[in-house]
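Only one structure is covered here, and it is reproduced in the block below.
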Amino acid sequence: MRAFEDFKVGDIMEFGPVAVTAAAIKSFAARFDPQPTHLDEAARQNTILDGLFASGLHTVCMHMRLFADGILRDSTSMGSPGVEEVRYLAPVRAGDSLTLRVEIIGMRPSKSRPERGLVNFRSHMVNADDKPVLEMTATLMFGRRAAAGGKEVAR
Amino acid sequence: MTYFEDLRVGTRTEVGSHTFTADEIKAFAREFDPQPFHLDEEAAARSHFGALCASGWHTAAVCLRHIVLECHRQQAELRRRGEPVASTGPSPGLRDLKWPRPVYVGDTIAFAQEVVELRTLASRPGVGLRIARHTGTNQREELVYSVLSSTFIDRRYNAG
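What follows is the structure, given as structure tokens:
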């Protein structure tokens, strides 16, 4: 099981790809972001972008799924206190294929909860042309394998 | 949505509330965030959360739905009065997102939006950038979600 101690600053991991379909774009939008730009190829679009493209939060959720399958499954994940930043760098369209790249940029044991550690990462979703469409900087909590005093806390 | 020039820093809008059910928490988790404490009551009870709780992105997604529906209500009202409607979006991103407490089964989260900054852009004269704080607060008045979300909004002189 992957615990806090198994990460290392500078580690780079890559997962996916995930295929983006028009049906998935519209399904997410109908439930969570029902704007014409995410629902209808023919709708009047906004001033900056034309055509159907995915809700930014949909791309975030696809990122989450790749992250969960690639890193959090069979780990001591304790969730996340928050996300420093998400940047939407380019529109995600039907037919795109997105790969997740994750770099560990920092880690420290929790001061108040010695059985936990915080891992900072910067990640990108990149399309088939290797162009980044999303950048995220966020923090995750993981159980530590050995807390202060050598007591085994993560099983 | 009114035009960028019509927006005011400090305007706060209550956009609606939502009660999270176990079924929808698990369905969202299966699709986007398959971690044990979002998928299974027993595994969640053994975790530090102590009970089944929603993916943070599920809370974010339900908040977004309420923000968009409020925007649609405002647009419908403008159309009813025969006034022009500005187009909004896309968003260049978000920052300072926090999930200070879990959202558990049965929690009712009230969502709100407050305009915190309005920025004109030399690079995009047709639109302005609205930065808004979106929040979610549970039935015990505890903050469970907070984010600064940026959205491009049409400027008035850009219209027609």
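Heads up: the protein sequence lines correspond to chains A and B, in order. Just remember that this note's numbering sits 2 ahead of the position in the first sequence, which is counted from 1. Just remember that this note's numbering sits 922 ahead of the position in the second sequence, which is counted from 1. Glycine included, each C-beta is placed from N, C-alpha and C at the ideal position. Note that the coordinates shown come from a computational prediction; the quantities given were computed from them, not determined experimentally.
Quiz item: Are the C-beta atoms of B/F942 and some chain A residue less than 7 angstroms apart?
Solution: Position 20 of the second sequence, counting from 1, holds the residue named residue 942 of chain B. No, B/F942 lies away from the interface with chain A (no Cβ there is under 7 angstroms from its Cβ).
Self-check item: A/I106 - partner residues in DSSP beta bridges
Solution: Stepping through the first sequence from its first residue, residue 106 of chain A is reached at position 104. A/I106 is bridged to A/F123.
Quiz item: Just checking my contact of B/G1058 with B/F1033 at CB under 8 angstroms: how many whole Å lie between their CB atoms?
Solution: Here residue 1058 of chain B is taken as the residue at index 136 of the second sequence, counted from 1. Here residue 1033 of chain B is taken as the residue at index 111 of the second sequence, counted from 1. The C-beta separation of B/G1058 from B/F1033 comes to about 5 angstroms, placing the pair in contact by the 8 angstroms criterion.
Practice problem: Kindly say whether B/K948, judged by its beta-carbon, lies nearer than 7 angstroms to any beta-carbon of chain A. | Solution: Residue mapping note: residue 948 of chain B aligns to position 26 of the second sequence, counting from 1. No, B/K948 does not count as interfacial toward chain A.
Quiz item: Under three-state DSSP, which class holds A/I50?
Solution: Here residue 50 of chain A is taken as the residue at index 48 of the first sequence, counted from 1. A/I50 falls in the coil class under three-state DSSP.
Quiz item: A/R67 touches chain B at which residues, Cβ-Cβ below 8 angstroms?
Solution: Position 65 of the first sequence, counted from the first residue, corresponds to residue 67 of chain A. Chain-order list of chain B residues neighbouring A/R67: E953, F954, D955, P956, by C-beta distance under 8 angstroms.
Exercise. Can you say whether B/Q957 is buried or exposed, counting buried as having 16 or more other CB atoms within 10 angstroms of its CB?
Key: Here residue 957 of chain B refers to the residue found at position 35 of the second sequence. Its Cβ being crowded by 16 or more others within 10 Å, B/Q957 is buried.
Quiz item: Under a CB-based cut-off of 7 angstroms, is A/E16 close to chain B?
Solution: Here residue 16 of chain A refers to the residue found at position 14 when the first sequence is read from its first residue. The beta carbon of A/E16 does not come within 7 angstroms of any beta carbon belonging to chain B, so the residue lies off that interface.
Quiz prompt | Alpha-carbon spacing of B/V937 relative to A/V128, whole angstroms | solution = What you label residue 937 of chain B is simply residue 15 of the second sequence in a count that begins at 1. What you label residue 128 of chain A is simply residue 126 of the first sequence in a count that begins at 1. CA-CA distance, B/V937 to A/V128, rounds to 33 angstroms.
Quiz prompt | Own chain partners of B/L961 with C-beta closer than 6 angstroms, once the 5 adjacent residues on each side are dropped | solution = Here residue 961 of chain B refers to the residue found at position 39 when the second sequence is read from its first residue. Within the same chain, Cβ atoms closer than 6 angstroms to the Cβ of B/L961 are found at K948, A951, the five residues on either side in sequence being excluded.
Quiz item: CA-CA distance, A/A44 and B/P1014?
Solution: One-based indexing of the first sequence puts residue 44 of chain A at position 42. One-based indexing of the second sequence puts residue 1014 of chain B at position 92. In a straight line, the C-alpha of A/A44 is about 23 angstroms away from that of B/P1014.
Quiz item: Do B/T933 and B/V1037 have their C-beta atoms closer together than 7 angstroms?
Solution: Translated into positions along the second sequence, residue 933 of chain B becomes position 11. Translated into positions along the second sequence, residue 1037 of chain B becomes position 115. For B/T933 and B/V1037, yes; Cβs fall inside 7 angstroms.
Quiz item: Rounded to a whole number of angstroms, what is the C-alpha to C-alpha distance between A/S112 and B/R968?
Solution: Counted from its first residue, the first sequence places residue 112 of chain A at position 110. Counted from its first residue, the second sequence places residue 968 of chain B at position 46. Computed Cα separation, rounded: 21 angstroms.
Quiz item: Using a C-beta cutoff of 7 angstroms, does A/F144 count as contacting chain B?
Solution: In the first sequence, counting from the first residue as 1, residue 144 of chain A sits at position 142. Not one chain B Cβ lies under 7 angstroms of A/F144.
Quiz item: In chain order, which continuous runs of the beta strand (DSSP E) of length 3 or greater are located wholly inside the segment 26 to 95 of chain A?
Solution: Runs found: 84 to 90.
Self-check item: Bridge partner(s) assigned by DSSP for B/V1037
Solution: The residue given as residue 1037 of chain B occupies position 115 in the second sequence. DSSP lists B/A1054 as the bridge partner or partners of B/V1037.
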